[in-house]
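J.: Residue numbers (the working numbering), protein chains in the order written: chain A, 1 to 265; chain B, 266 to 530; chain C, 531 to 795; chain D, 796 to 1060.
Take this structure first; my questions come after.
There are 4 protein chains.
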Amino acid sequence: MVMAGPCAVESKEQMFASADAVVAAGAAMLRGGAYKPRTSPKSFQGLGPMGLQLLDEASARTGLPVVTEVLDPRDVERVAQHAAMLQVGSRNMQNFPLLREVGRQRLPVLLKRGAAATVDELLFAAEYITNEGNGNVILCERGIRSFDTATRYVLDLAVVPLLRERSDLPIVVDPSHGTGRASLVRPMALAAAAAGADGLLIEVHAEPHKALCDGMQALLPTDFAQMMVDLRRLLPMLGRRLVRPGVSGHGASANGTISDEFIAP
Amino acid sequence: MVMAGPCAVESKEQMFASADAVVAAGAAMLRGGAYKPRTSPKSFQGLGPMGLQLLDEASARTGLPVVTEVLDPRDVERVAQHAAMLQVGSRNMQNFPLLREVGRQRLPVLLKRGAAATVDELLFAAEYITNEGNGNVILCERGIRSFDTATRYVLDLAVVPLLRERSDLPIVVDPSHGTGRASLVRPMALAAAAAGADGLLIEVHAEPHKALCDGMQALLPTDFAQMMVDLRRLLPMLGRRLVRPGVSGHGASANGTISDEFIAP
Amino acid sequence: MVMAGPCAVESKEQMFASADAVVAAGAAMLRGGAYKPRTSPKSFQGLGPMGLQLLDEASARTGLPVVTEVLDPRDVERVAQHAAMLQVGSRNMQNFPLLREVGRQRLPVLLKRGAAATVDELLFAAEYITNEGNGNVILCERGIRSFDTATRYVLDLAVVPLLRERSDLPIVVDPSHGTGRASLVRPMALAAAAAGADGLLIEVHAEPHKALCDGMQALLPTDFAQMMVDLRRLLPMLGRRLVRPGVSGHGASANGTISDEFIAP
Amino acid sequence: MVMAGPCAVESKEQMFASADAVVAAGAAMLRGGAYKPRTSPKSFQGLGPMGLQLLDEASARTGLPVVTEVLDPRDVERVAQHAAMLQVGSRNMQNFPLLREVGRQRLPVLLKRGAAATVDELLFAAEYITNEGNGNVILCERGIRSFDTATRYVLDLAVVPLLRERSDLPIVVDPSHGTGRASLVRPMALAAAAAGADGLLIEVHAEPHKALCDGMQALLPTDFAQMMVDLRRLLPMLGRRLVRPGVSGHGASANGTISDEFIAP
């Protein structure tokens, strides 16, 4: 189960180029941020409602369901109308009012681990969502803060089998944020699969050097396609297969439901 | 400038006992949480609106202005009606909708550094508030995550002089959360003063072993009083003096304004 | 290329049981510590010279070459007489006199990354060895210190492809120390292979609960054998194959040389 | 008790200039490295025996006893002939053969905490020394590794009162390495004193921009003198006084003994 697309929705041209590339390579979901949490208020903050509209169009064009981030509890209902899956970003892993609000939706929630959150804290955060009635939570490892600046974060893959021991929730890995360097994304995506991850979240941009957000970590479409080829070769050795929407009715579907096969080996 | 009180407002008796103790020892502001961000949804989450009401009563009783945390952008207006200063907790340092909302208030905002936030990120977070028109931001160091579990967090006092070089905003230190151990609060409060902090945020509880939140790090009233004695002796050697409300009109006043003398040496 | 065996050499029975298990499962080298760096002086410090003797016997019995740690520059010559590869442990990554001393030997050196060492520091440490004339250095990722105690260390697999970009030295991963939990060793060994590691260092103990050192992270012989089966299935998909001593003359040989095929895909 | 001087002994002129400055300002001991542990083998590694000779001369000139680092167990005896106190650096905190060797000397040992060592590990390292018969160990906090690069390390002052609770050994703080920035040394030195430290280790260099090692963190003589003035004013408020050699026979003396008053309040 691979979710891919640009970090941020920037324009129709950019979004469509990315979306076309990821569907061609076999991704199961499309990602892209309309609301962007940015360290500096001067950085590009996302297109907001117009970004959601562009995600709708990209979804219609490709047939891929969309996962997108929501930052503000007051935006949850609106974002939910445009998404098949809601993302709670790492900065908001302990934004409890937001967790409760997405817990009142029926959509699956992709909950990213905070950059300095323990495994316990991640599981408690998931509980804030499930306690409201939404049991459809997907945990996401996306790298933790460390002392070494050689990579943007340290991708903590051991939490994949560790979370498996402690939870029934599916586990997704984001090697794009987790490393911050495009050249490391492919090997770490394969490593995540080998560690037992149920899915991957990958940033793809047709022109990374022009990206308004996190271009350093975005794969070019050709590199993404190569990653998918490698993944398709590796997964059967791990007793798994790649999920595609529309293929024999399994996997994530455009109407926002995730089938039982999502985490099926 | 010492702000003190219990971690959470638990009951009238508990709140009054703490408030009486901190005003007697010479604190300038009263702290106490009505909305508590808790790692587990099963932990005590605060009394909410009833807690705000109890803070009003404790403020009226002691004459001390109140600083209290707000978690949800939808609660900002309500909390602002009961507080002289709004606190944004460490988990919410990059909750940008909340930062913008408190930036639209006129009250001073105590912005706590995230447990894994860099100095740059703290200053950018402050900018989200000041950009909305509220320049009255107080930065707070409250400990960062580290590998050693001997203390709850590592209190990073070097950021006090470092922030001074890079910002005009006042800087407050919270040695209670920053160490997580009551026995370390007094020496670290003195160290914070020596490092140049403009204020301290101290947890005081009449019965720490019965506290519903963070009892391990709360000072007993007698220990808090001793800390204030030591502080009063030390500050003049640093060219500073302790600010009290009502003393010749300086310092934080009960109507929610912070005078220019707040950070005056 | 899998190096496996107990953390410490404890006795002839224990060493032989481990050695028999790892050779049966297809390991290429035997590991075991005669000199153990232990946090507390009260912990078992290794058998010293008698441990080296037992390693000789285990090597003769199994035909596997031995990698073992040296702690003291004064012991380097002695240890070199009993080992096919010298290990410099993570605590000694910046023990510069020791690095220079192993640099004067002809044996390959397994250099473990310090628990808080950056990639730059690891490469500089390797340079201390190569500068003395010994270019046969193998870099080893074995986990770094982090804030989460759910695992003993955080295994930083992204350094595998990162080191590959910056160095020609082979890269080995130690998921036993890197996680500290036996149940995580197999998935992280596979992940390390998928990330591109040239080898693995695995702790195997016939009776982990009786181990004098690090029993929590040691695999049982049956679990190690299963890991080898999985690895043998996965590696061809990554364009690699498992190296065994004595198989058509390739791989590490008992006379202490590592062939060019060590890192060959 | 203030120990001060340059990071490394570079030349007679440089060493004498520093030594003259620190004795004039009232330091009790002279520091300077003849053997330098450097991350890169290309960096200046210290003058070795010639550096020890220059330290002798600087000590004779100023009357100050010398503390200097030893890296190699084979050098301990030689260094001990030139020093009043042996320093074990942070990289060597778990260099157990070195700890045992300095434990067999009669000189006091300044044991620096490793950059990623826990309090427990520091105390166990001290035990390696005391177990050999040398109970005269001084613990030194010098900053730990963290995620923020705004300072070189994070100076963890809370360990001062924490170590006090758990050990009878004196505790010294090194704000020069602990912050890596000269402008932060004075406030953090005062903070260390307020936290209860028994001594300070301060880098002073007459021409920091020309220093061969760590110039960014060295104080100019005038700034060091100002720090001493501030310290002299602050300490009495903490129930302490500054120790000077030769003043009524107390404090560290040139013959290498540390009196009982070293840690006396």
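Backbone N, C-alpha and C define an ideal beta-carbon position, used for all residues, glycine too.
All values derive from a computational prediction rather than experimental measurement.
Do residue 706 of chain C and residue 760 of chain C have their C-beta atoms closer together than 9 Å?
T.: no
J.: Mind checking the stretch 145 to 177 of chain A against chain D and listing, in chain order, the residues whose C-beta falls within less than 7 Å of any C-beta there?
T.: Cβ contacts with chain D come from 145, 146, 147 and 149.
J.: Determine, using beta carbons only, whether residue 736 of chain C and residue 544 of chain C come nearer to each other than 9 Å.
T.: yes
J.: DSSP three-state label for residue 14 of chain A, please.
T.: helix
J.: Assign residue 276 of chain B to buried or exposed, taking buried as 16 or more other Cβ atoms, counted over all protein chains shown, within 10 Å of its Cβ.
T.: Burial call: exposed.
J.: Determine the contact status of residue 564 of chain C and residue 598 of chain C, defining contact as a CB-CB distance below 9 Å.
T.: yes
J.: Sort out for me which residues DSSP pairs residue 485 of chain B with in a bridge.
T.: Partner(s): none; residue 485 of chain B has no beta bridge.
J.: Is it true that the CB of residue 468 of chain B sits closer than 9 Å to the CB of residue 438 of chain B?
T.: no
J.: To the nearest angstrom, how far is it from the Cα of residue 512 of chain B to the Cα of residue 427 of chain B?
T.: Note that residue 512 of chain B has pLDDT 38, beneath the 50 cutoff, so the model's placement of it is unreliable and the number below is only indicative. Their Cα atoms are separated by approximately 31 Å.
J.: For the stretch 594 to 669 of chain C, which segments carrying the alpha helix (DSSP H) assignment without a break, of at least 4 residues, lie completely within its bounds, in sequence order?
T.: 606 to 610, 626 to 633 and 649 to 660
J.: At a Cβ threshold of 9 Å, is residue 444 of chain B touching chain A?
T.: Put simply, the CB of residue 444 of chain B is far from chain A, with every gap to its CB atoms at 9 Å or more.
J.: Could you work out which residues of chain C lie near residue 234 of chain A, taking near to mean beta carbons separated by less than 9 Å?
T.: Chain C residues near residue 234 of chain A: 724, 764, 767 and 768.
J.: Give me the Cβ distance between residue 911 of chain D and residue 419 of chain B, rounded to the nearest whole Å; I'm assuming they're in contact under 8 Å.
T.: Between residue 419 of chain B and residue 911 of chain D the Cβ distance is about 12 Å, and since that is not below 8 Å, they are no contact.
J.: Compute the beta-carbon to beta-carbon distance between residue 883 of chain D and residue 850 of chain D, rounded to the nearest angstrom, for a pair I have assumed lies under 8 Å.
T.: Rounded, the Cβ-Cβ distance is 17 Å, inconsistent with contact.
J.: Out of D:988, D:1020, D:1037 and D:1027, state which residue places its alpha-carbon closest to the alpha-carbon of residue 800 of chain D.
T.: Checking every option, the nearest Cα to that of residue 800 of chain D belongs to D:1020.
J.: Taking residue 1032 of chain D and residue 350 of chain B to be in contact with their CB atoms under 8 Å, please state how far apart those CB atoms are, rounded to whole angstroms.
T.: Residue 1032 of chain D to residue 350 of chain B, Cβ: 29 Å. No contact.
J.: For residue 1032 of chain D, report the span of its beta strand (DSSP E) as first-last.
T.: Careful: residue 1032 of chain D lies outside any beta strand (DSSP E) and carries neither H nor E.
J.: Give a yes or no on whether the minimum CB-CB distance between residue 382 of chain B and chain C is below 9 Å.
T.: no
J.: Say whether chain B places a C-beta atom closer than 9 Å to the C-beta of residue 904 of chain D.
T.: At least 9 Å separates the CB of residue 904 of chain D from every CB of chain B.
J.: Could one say the Cβ of residue 225 of chain A lies closer than 9 Å to chain C's Cβ atoms, at least one of them?
T.: no
J.: Out of D:1004, D:1030 and D:1011, state which residue places its alpha-carbon closest to the alpha-carbon of residue 995 of chain D.
T.: Residue 995 of chain D has its Cα closest to that of D:1030, out of D:1004, D:1030 and D:1011.
J.: Which bits of chain A does residue 531 of chain C rub up against, with CB to CB less than 9 Å?
T.: Chain A residues near residue 531 of chain C: none, gap ~17 Å exceeds 9 Å.
J.: Run through chain B and tell me which residues come within less than 9 Å of residue 78 of chain A, C-beta to C-beta.
T.: The premise fails here: residue 78 of chain A is roughly 13 Å from chain B at the closest Cβ pair, so nothing lies under 9 Å.
J.: Within the same chain, show all residues whose beta-carbon is closer than 7 Å to that of residue 655 of chain C, passing over the 5 residues directly before and after it, in chain order.
T.: 623, 624, 629 and 641
J.: Hey, how far is the Cα of residue 813 of chain D from the Cα of residue 1007 of chain D?
T.: C-alpha separation (whole angstroms): 14 Å.
J.: Got a sec? Which residues, its chain only, sit under 8 Å from residue 444 of chain B by beta carbon, not counting five neighbours each side?
T.: Cβ neighbours of residue 444 of chain B beyond the five flanking positions: 408, 416, 417, 418, 420, 450, 453 and 482.
J.: Measuring alpha carbon to alpha carbon, tell me which residue in D:987, D:960 and D:988 is nearest residue 446 of chain B.
T.: D:960
J.: Alpha carbon to alpha carbon, how far is residue 602 of chain C from residue 891 of chain D? Give it in angstroms, no decimals.
T.: 8 Å
J.: Is it buried or exposed for residue 398 of chain B, if we count other Cβ within 10 angstroms and need 16 for buried?
T.: exposed
J.: So that I know if they touch, is there some Cβ in chain A lying closer than 9 Å to that of residue 888 of chain D?
T.: no
J.: Does DSSP classify residue 266 of chain B as helix, strand or coil?
T.: coil
J.: For residue 511 of chain B, does the three-state DSSP call read helix, strand or coil?
T.: A caution first: residue 511 of chain B carries a pLDDT of 43, below 50, which makes its placement in the model unreliable, though a value can still be read off. Coil at residue 511 of chain B, not helix or strand.
J.: Can you give me the C-alpha to C-alpha distance between residue 613 of chain C and residue 580 of chain C, rounded to a whole angstrom?
T.: 14 Å
J.: Closer than 7 Å, Cβ to Cβ, to anything on chain C: give me those residues from the stretch 121 to 147 of chain A, in chain order.
T.: Taking 7 Å as the Cβ-Cβ cut-off against chain C, the residues of the stretch 121 to 147 of chain A that qualify are 144, 146 and 147.
J.: Do you know offhand how far residue 637 of chain C's Cα is from residue 841 of chain D's?
T.: 29 Å
J.: Given this structure, state the Cα-to-Cα distance separating residue 1005 of chain D from residue 196 of chain A, to the nearest angstrom.
T.: 53 Å
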